[in-house]
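Chemist: Once you know that position 57 of the sequence shown is 57 in the UniProt record's numbering, the rest is easy, because the numbers rise by one and skip nothing.
Once you've had a glance at the structure underneath, I'll fire off some questions.
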Amino acid sequence: MTIRRAVPDITTADPVASSGFYQLLGFREEMNLGWVVNLVSPSNPTAQIILITKDAAAPVNPDLSVEVDDVDAAYEAVRATGAEIVHPITDEEWGVRRFFVRDPDGKVVNVVGHR
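Take a look at the structure:
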């Protein structure tokens, strides 16, 4: 399995203010769905930050997003360990297939693949 990127997910009450702050550091908005904003470095597009108010489809906000080339294989590997699946594998309306899993320290990881 190949990791394509790993991105911190920052919960924010004010995505506009947070986005403005990170743009001061050189990031630009790549995607904005209102409840989630993806910021990227123009010179290194794998350097990213995700700002999130409340996840539109999952019961909790993730702490980290990991994009993989085969989300189904990742799901089966994680599930086989007995790790807590927080949000089941789902095809989301915004073009991703993902699931959330809790790591051993209690952090919620959004494991995602683009369709």
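Every residue gets a Cβ at the ideal spot worked out from N, C-alpha and C, and that includes glycine.
Taking the alpha-carbon positions, what's the S41 to I50 distance?
Modeler: Your numbering for residue 41 matches position 41 in the sequence shown. Your numbering for residue 50 matches position 50 in the sequence shown. Each residue's alpha carbon lies about 12 Å from the other.
Chemist: According to the neighbour-count rule (16 or more other Cβ atoms, all chains shown, within 10 Å of its Cβ), is L24 buried or exposed?
Modeler: If you number the sequence shown from 1, residue 24 lands on position 24. Counting Cβ neighbours within 10 Å, L24 comes out exposed, since fewer than 16 surround it.
Chemist: Out of D103, L39 and P62, which one is the CA nearest neighbour of G82?
Modeler: Position 82 of the sequence shown holds residue 82. Comparing Cα-Cα distances from G82 to each of D103, L39 and P62, the minimum goes to D103.
Chemist: So D105 and R97 are in contact, right, with Cβ under 8 Å, and what is the actual spacing, rounded?
Modeler: Position 105 of the sequence shown holds residue 105. Position 97 of the sequence shown holds residue 97. D105 to R97, Cβ: 25 Å. No contact.
Chemist: Assign residue 116 to one of two classes, buried (16 or more other C-beta atoms within 10 Å of its C-beta) or exposed (fewer than that).
Modeler: With the chain covering 1 to 115 only, the question about residue 116 has no answer from this structure.
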